[in-house]
Amino acid sequence: MKRIVLIVSFVLAFIRLAAIEGMWIPMLLKQLNEKEMQAMGLRLAAEDIYSVNQSSLKDAIVIFGRGCTGEIISPEGLLLTNHHCGFGSIQKHSSVEFDYLTNGFWAMSRQEELPNPGLTVTLMRRMEDVTDEVLSGVDANMTELKRDSIIRVNIKRIEGVAADSSGFDAQVRAFYYGNEFYLFFSETFRDIRLVGAPPSNIGKFGGDTDNWMWPRHTGDFALFRIYVNKDNKSAEYSPDNVPYSPAHHFPVSLKGVEKDDFTFVYGYPGTTRQFLPGIGVETITSVTNPVAVSLRNRRLDVMTAAMNQDPAVRIKYAAKHAGIANGWKKMIGESRGIIRMNAVERKKTFESDFLSWATRNSKNNERYIQIIPTFEAMHNNLRPLSLSRTYITEAGLAIELVRFAFQFDELAKLSSGKKQNDEKINKAIARLKAGSDVFFKNYHLPIDRKLMGDLLSVYYSEMNKSFNPPVLNRLIAKHKGDFEALSNDVFNVSIFSTPARLEKFLKGYKPKHAKQIVYDPAYQLANGFYTLLREDIAPAVRIIEYALDSLQRIYIQGLMEMQPEKRFYPDANSTLRVAYGKVDDYTPMDAVHYNYYSTIEGIIEKEDPDIYDYVVEARLKELFLTRDYGRYADKSGRMKVCFIASNHTTGGNSGSPVLNADGHIVGINFDRNWEGTMSDLIYDPDQCRNISLDIRYCLFIIDKFAGAGHLVQEMTIVE
Numbered sequence: 077m078k079r080i081v082l083i084v085s086f087v088l089a090f091i092r093l094a095a096i097e098g099m100w101i102p103m104l105l106k107q108l109n110e111k112e113m114q115a116m117g118l119r120l121a122a123e124d125i126y127s128v129n130q131s132s133l134k135d136a137i138v139i140f141g142r143g144c145t146g147e148i149i150s151p152e153g154l155l156l157t158n159h160h161c162g163f164g165s166i167q168k169h170s171s172v173e174f175d176y177l178t179n180g181f182w183a184m185s186r187q188e189e190l191p192n193p194g195l196t197v198t199l200m201r202r203m204e205d206v207t208d209e210v211l212s213g214v215d216a217n218m219t220e221l222k223r224d225s226i227i228r229v230n231i232k233r234i235e236g237v238a239a240d241s242s243g244f245d246a247q248v249r250a251f252y253y254g255n256e257f258y259l260f261f262s263e264t265f266r267d268i269r270l271v272g273a274p275p276s277n278i279g280k281f282g283g284d285t286d287n288w289m290w291p292r293h294t295g296d297f298a299l300f301r302i303y304v305n306k307d308n309k310s311a312e313y314s315p316d317n318v319p320y321s322p323a324h325h326f327p328v329s330l331k332g333v334e335k336d337d338f339t340f341v342y343g344y345p346g347t348t349r350q351f352l353p354g355i356g357v358e359t360i361t362s363v364t365n366p367v368a369v370s371l372r373n374r375r376l377d378v379m380t381a382a383m384n385q386d387p388a389v390r391i392k393y394a395a396k397h398a399g400i401a402n403g404w405k406k407m408i409g410e411s412r413g414i415i416r417m418n419a420v421e422r423k424k425t426f427e428s429d430f431l432s433w434a435t436r437n438s439k440n441n442e443r444y445i446q447i448i449p450t451f452e453a454m455h456n457n458l459r460p461l462s463l464s465r466t467y468i469t470e471a472g473l474a475i476e477l478v479r480f481a482f483q484f485d486e487l488a489k490l491s492s493g494k495k496q497n498d499e500k501i502n503k504a505i506a507r508l509k510a511g512s513d514v515f516f517k518n519y520h521l522p523i524d525r526k527l528m529g530d531l532l533s534v535y536y537s538e539m540n541k542s543f544n545p546p547v548l549n550r551l552i553a554k555h556k557g558d559f560e561a562l563s564n565d566v567f568n569v570s571i572f573s574t575p576a577r578l579e580k581f582l583k584g585y586k587p588k589h590a591k592q593i594v595y596d597p598a599y600q601l602a603n604g605f606y607t608l609l610r611e612d613i614a615p616a617v618r619i620i621e622y623a624l625d626s627l628q629r630i631y632i633q634g635l636m637e638m639q640p641e642k643r644f645y646p647d648a649n650s651t652l653r654v655a656y657g658k659v660d661d662y663t664p665m666d667a668v669h670y671n672y673y674s675t676i677e678g679i680i681e682k683e684d685p686d687i688y689d690y691v692v693e694a695r696l697k698e699l700f701l702t703r704d705y706g707r708y709a710d711k712s713g714r715m716k717v718c719f720i721a722s723n724h725t726t727g728g729n730s731g732s733p734v735l736n737a738d739g740h741i742v743g744i745n746f747d748r749n750w751e752g753t754m755s756d757l758i759y760d761p762d763q764c765r766n767i768s769l770d771i772r773y774c775l776f777i778i779d780k781f782a783g784a785g786h787l788v789q790e791m792t793i794v795e
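Using our numbering, the letters of the sequence shown correspond one by one to residues 77 to 795.
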């Protein structure tokens, strides 16, 4: 395609155009961003960042696991990401005897590197604009159903041809709600081994209290390695596999950063919704977020109490607790930021301006004029459904036993058919046995029993009664509204609540035993909640969201007509992007100013031996007291830990490399500041900051703290 695609930031009328806003498509940097980036300080060409003709920075960026970013930092496939991204893998290798979460893990040889079945990393090889091909046969007068039907056929054909001709995985992704389409070629690596991880008192220092906050003092990193076959191709795990030899690996800089230094983040941001109208933002921040926050509060309180009493429970629930708390705190900050900016009213003001423009000027004014009123009507219809879905997912299906019991739905259905397939039944039983081992390894029944009573009580008292599963009404009536008694009864009766009971059931399983699944109270609760979602809520939501997506596509077309001088960047959708800005401090409130970096002194200041999240490792304290920082201190002898910059990031950017003007790693992105968490919906250049681990602190921990200097030696270090 010869055209230059119009890509740029949607900036609302009340926000100044800021070069630091945006998540940009790498292949379009030369047309859209190269000069601006270079004017800000970049010393590379766009071709150095993304190229299909030569090795470039993109060849060292991967999707890590199911939603983080990682980067290759040595010619031998050494991979860097966040500790919280590798947390699940570290946990799976941990036990009371070998507690790598608490003590850390360091492979002192290749033989000690630990395999991680199921963990993958994906490397994008190249991307292409296929908008014309995808929209071939589409015209403005056809129905949305006809349009989508043609697009699906075209995408399937394009992906098939691309995969067959390239040998790579091929996927077409929509941008701007279907105004543009890009084809991505990628390769997935399946033999990923754990190389190193600091103790949680470093990798998760500050825990949930510090999460989303600045200043931070968290050494949030972990090291893995990509292994391949002897042809340097992706392969399943084998002891004969060898370290991957990448087309590019990032040099690691010891120069550090100063205020106003140019930086850019290269990674896979997950989801943003910058084009969401005011009424949609209002639903999130004033309706669904408060309910989810309240319900997650209950879960966190129960988990925390149990974890503080038993080290084994702490290990089991560490990842679960962190996952719940991460979203909980983000939602709180997001709502606060929207309120502080008066964003809902400002968005609505902008929408009024759009309506006035459409009425006055648009060639297609009829369809543009109807957009804003239609948005209002659709979101009003969507709001009660979104609220009900929040209660179901954050209360009913937040009970672990309930979700686990529903995994046996397939077995029950296989056993109840007229023609039962013994082979399929046996395979299902084998899968369930393996899944049960994983479930009970990280399960503590008293936590879940307490939560069932608490969460169902809130669900029943606050939800619209029309969304009560019949089984819930029966159980409540049976126990006369006593939710504690209800929970005790379910756990005492259910075959899914203990490993011994479930093992006995599966060991002698025959199709006639399917009734025990169907009549199990935990399964019935699960089936009730999932039926509500599947039959009552999801179909209605899909209809509305389908219509909204189509409307958003037309709305964006209108915005581009209304603001032809502006560049528009697409919402994040887990595809490779570049965000750029500068190292910068900020003022979150009156009389408070935050510096752009933190130091090891802050770790010592926060130390509290009685709070797990603020325990300082003895070895780290020793290095601090002797000021034994090696070559990793700055010029004045300070050991810097983290820094902030104005790069526009979101979930999925965790683990992304933060690069300097020469494309060298200076940091590892791991969070945003709390005042800026609303940036998924609207960006405030004065408040939004990404938080990064200073790469020098990372190397200091690897070398001086852990004694794993051999890992630093295989990196390309820039002094």
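Every residue gets a Cβ at the ideal spot worked out from N, C-alpha and C, and that includes glycine.
| Query | Result |
| --- | --- |
| Would the beta-carbon of Gly413 fall within 8 Å of that of Met754? | yes |
| Buried or exposed, going by whether 16 or more other CB atoms sit within 10 Å of the CB of Gly783? | exposed |
| Whole angstroms are fine: how far does the CA of Ile680 sit from the CA of Glu693? | 10 Å |
| For Pro274, does the count of other Cβ atoms within 10 angstroms reach 16, so buried, or fall short, so exposed? | buried |
| Rounded to the nearest angstrom, how far is the Cβ of Phe351 from that of Gln628, given a contact under 8 Å? | 6 Å |
| For the alpha helix (DSSP H) that contains Ile268, what are its first and last residues? | Premise fails: Ile268 lies in the beta strand (DSSP E), Asp267 to Ala273, not in any alpha helix (DSSP H). |
| For my contact list, Ser329 and His740 are in at a C-beta cut-off of 8 Å; report their separation, rounded to the angstrom. | 4 Å |
| Is it right to say Leu364 is buried, meaning 16 or more other beta carbons lie within 10 angstroms of its own, or is it exposed? | A small correction: the amino acid at residue 364 is Thr; Leu does not occupy that position in the sequence shown. Classification of Thr364: buried, given that the 10 Å Cβ count is 16 or more. |
| Check whether the Cβ atoms of Ile149 and Thr196 lie closer than 8 Å to each other. | no |
| What separation, rounded to the nearest whole angstrom, lies between the Cα atoms of Glu173 and Leu608? | 44 Å |
| Note down the Cα distance separating Glu790 from Asn564, rounded to an integer number of angstroms. | 56 Å |
| Evaluate His786 with the Cβ neighbour count: other Cβ atoms within 10 Å of its Cβ, from every protein chain shown; 16 or more gives buried, anything less gives exposed. | exposed |
| Taking three-plus beta-carbon pairs below 8 Å as touching, is the stretch 653-672 in contact with the stretch 94-109? | yes |
| Give a yes or no on contact between the stretch 337-352 and the stretch 135-144, applying the rule of three or more CB pairs nearer than 8 Å. | yes |
| When the Cα atoms are used, what is the spatial distance from Ile720 to Phe261? | 33 Å |
| If distances are taken between C-alpha atoms only, which option among Pro733, Arg707, Pro761 and Ala602 comes closest to Lys331? | Arg707 |
| I'd like to know if Val197 contacts chain D, where contact means its C-beta is closer than 8 Å to some C-beta of that chain. | In the structure shown, chain D cannot be found, because there is only a single protein chain. |
| Kindly give me the distance between the Cβ atoms of Asp296 and His169, rounded to whole angstroms, as I take these residues to be in contact under 8 Å. | That belief does not hold up - the Cβ atoms of Asp296 and His169 are roughly 18 Å apart, past 8 Å. |
| Output needed for Asn192: all residues of its chain with C-beta closer than 7 Å, excluding positions within five of it in sequence on either side, in chain order. | Ser165, Ile268, Arg269 and Leu270 |
| The alpha helix (DSSP H) that contains Gln60, what's its start and end? | Lying outside 77 to 795, the shown extent of the chain, residue 60 is not represented and no answer is given. |
| Using the rule of at least 16 other Cβ atoms within 10 Å of the residue's Cβ for burial, across every protein chain shown, is Lys423 buried or exposed? | buried |
| Got a sec: does the ligand MN put a non-hydrogen atom nearer than 7 Å to the Cβ of Asp770? | Although the ligand MN was asked about, the structure shown includes no ligands whatsoever. |
| At what residue ranges does the stretch 620-686 contain a whole run of the alpha helix (DSSP H), taking only runs of 4 or more? | 676-682 |
| Spatial neighbours of Phe776 within its chain, please: CB distance less than 7 Å, with the 5 preceding and 5 following residues excluded, ordered by chain position. | Tyr705, Gly706, Tyr708 and Met715 |
| For the putative contact between Thr339 and Val734, defined by C-beta atoms under 8 Å, what is the C-beta separation to the nearest angstrom? | 5 Å |
| Report all residues from its chain with a CB closer than 6 Å to the CB of Ala395; omit the five preceding and five following residues, and keep chain order. | Phe163, Gly164 and Gln167 |
| Please classify Val884 as buried or exposed, where buried requires at least 16 other C-beta atoms within 10 Å of its C-beta. | Outside the displayed range of the chain (77 to 795) lies residue 884, so it cannot be described from this structure. |
| In chain order, what are the residue ranges of uninterrupted alpha helix (DSSP H) at least 4 long that sit wholly in the stretch 508-569? | 521-538, 546-554 and 559-569 |
| When the Cα atoms are used, what is the spatial distance from His520 to Ile278? | 26 Å |
| By the three-class DSSP mapping on this structure, what secondary structure does Ile501 have? | helix |
| I believe Glu470 touches Leu371 by the beta-carbon criterion, under 8 Å. Please report the beta-carbon distance rounded to the nearest angstrom. | 4 Å |
| Leaving out the 5 sequence neighbours to the left and right, which residues in its chain are closer than 7 Å to Val318 when beta-carbon positions are compared? | Tyr303, Val304 and Lys306 |
| Go ahead and pull the three-state DSSP assignment for Thr359. | helix |
| Nearest-angstrom Cα distance between Met636 and Phe251? | 14 Å |
| Along the chain, where does the beta strand (DSSP E) containing Pro322 start, and where does it finish? | Taken as a continuous stretch (DSSP letters only), Pro322 belongs to no beta strand (DSSP E), as it is neither H nor E. |
| According to DSSP, what are the bridge partners of Arg374? | Arg374 pairs with nothing; no bridge assigned. |
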